[in-house]
Every structure is written in structure tokens, then in C-alpha cells.
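First the structure, in the form of C-alpha cells, and then the observations on it.
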Amino acid sequence: MTATSARYMRERGQTELALQMIAFEARTHTIRRCTGLSDDRIRRLYSTYFKDGNGQQVRRQRGKSPRRTEIFTSNLENERHAASLASLFVQFDLLAEEQYLLHSPANPGIAYGIRFCRAFALYSNICAPAVFCFERAWSLCEALRERNELAIRNCNSCNGIFVYDILSLRAPVCSCCRIKKQARNIADAKGAKTGARDCRC
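Okay, so the sequence shown: first residue is 1455 according to this note's numbering, each after it adds one.
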């Protein structure tokens, strides 16, 4: 492959990834980190392909990416979606299932960006309607890689992967197993009340 051909293929890969990330409503600096494109080039791609009714309608996300991690463990539904994302991150080689510390790369690169987009697209399909947007999913992956507040582990009950707060004192059980336990407790309580009403002695 000639130098010209290699440059063309690299620029084509950068552009295609940028367009996909724009379609997912990724922020400019996130796109820049993966593609290496300038902010001006990313804005022009947005204006050309997505603005003023050109192609898919997307919102232009501005400001800093969300960084708060408590949202991923704030309720059972969010925990379930976070676990689904974490499992996909492992499957797409974005995250190691057994890790102690793996800092997020300053510039992840095109290959990383492509794998992340594939993981997020699959999450959006199998968990529709998706609870977390692209940028939330990105921040989750970074938090899990850095392991300062969140980490992944296997559930003590079903052995499935779930996301947990490192500082939490809660038993290491995933949201699905906790939901099942709550349902059993409710059923047992109803059964006990019914038995008490039926007792006429």
C-alpha cells in the first residue's frame, strides 16, 4: 500500500467513525479523542450531514461529558442497564473482566472507538429503550477502567457480571437476583397473610 493510499484509508476511517459518533450524539471532545480530527472538522461534518434536515436528525451535545457515577447504581433499573453495558464492554474487549487498575487512554484511537460504537449499538438494540446515552455509557466505561468508584464483579448468586460501588457495604448480588428475592419475599408475605385469614381455630 502506498503512502497516499494509507493516508486515504486512515482519513476515511476517521471520517466514518466521526459520523457514527455524531449520530450517537457524542460530544466533540469525545469524537476528537477517538478520531484525531480537529474540532472544526467535526463541526463541519455535523453541519454537512446532520444539520438543517440533512440526513438523520441529531442533537449537538455541548459542554463537558457527564462524570457522576452514582447514577449507575442509583436504582435497580439503572443497575441492570449498567450491567448490560459492562458485559458488552468485556465482550468487545474494551474492559477486562478481571482487572485491578487500567487507566483510560488519553487518545483511545479509531479501533477503540469502533468497538465502543458497536457495543453501544448492540446495547441500544437489546435493551431498548436504552436508559443511558452514548456519553453516559462512555463515562461508565472510563469509570470501570479507572476503578476509583465503580468496578465489575460476579454476582454471588448467579455469577453474572454486574457493576458495584467500591465503597458500598451491600452484599455482592446483582440487581436481577435482588429483584427475584424481593418478589419471593412479597409472595411469601402474601402467602403468610392468606394462611392467617384461613385459620379459623
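The beta-carbon is built from N, C-alpha and C at its ideal position, and this holds for glycine as well.
Residue i: first and last residue of the uninterrupted beta strand (DSSP E) it sits in
| i | result |
| --- | --- |
| G1607 | Reading off the sequence shown, one finds Arg at residue 1607, where the question assumed Gly. Run containing R1607: 1604-1608, per the beta strand (DSSP E) assignment. |
Straight-line Cα distance separating residue j from residue i
| i | j | result |
| --- | --- | --- |
| L1473 | Y1500 | 8 angstroms |
| I1525 | F1586 | 10 angstroms |
| T1527 | L1604 | 9 angstroms |
| R1521 | A1584 | 18 angstroms |
| R1599 | N1561 | 14 angstroms |
| K1634 | I1485 | 40 angstroms |
| Q1515 | D1642 | 48 angstroms |
| R1607 | V1617 | 7 angstroms |
| A1591 | V1627 | 22 angstroms |
| A1422 | D1547 | For the chain, the structure presents residues 1455 to 1655; residue 1422 sits outside this window and is missing. |
| A1537 | L1594 | 10 angstroms |
| G1567 | C1488 | 6 angstroms |
Per-residue burial, residue i [other beta carbons within 10 Å of its own, 16 or more giving buried]
| i | result |
| --- | --- |
| Y1554 | Because Y1554 carries a pLDDT of 44, less than 50, the predicted location of this residue cannot be relied on, and no value is offered for it. |
| R1481 | buried |
| Q1468 | buried |
| L1549 | buried |
Residue i - DSSP class collapsed to helix/strand/coil
| i | result |
| --- | --- |
| I1615 | strand |
| K1644 | helix |
| Q1511 | coil |
| L1473 | helix |
For residue i, the first and last residue of its enclosing alpha helix (DSSP H)
| i | result |
| --- | --- |
| L1499 | 1493-1503 |
| G1517 | That residue, G1517, is in no alpha helix (DSSP H); it is neither H nor E in DSSP. |
| E1600 | 1588-1600 |
| L1549 | Unbroken run through L1549: none, as it is neither H nor E. |
| F1526 | Premise fails: F1526 is in no alpha helix (DSSP H) and is neither H nor E. |
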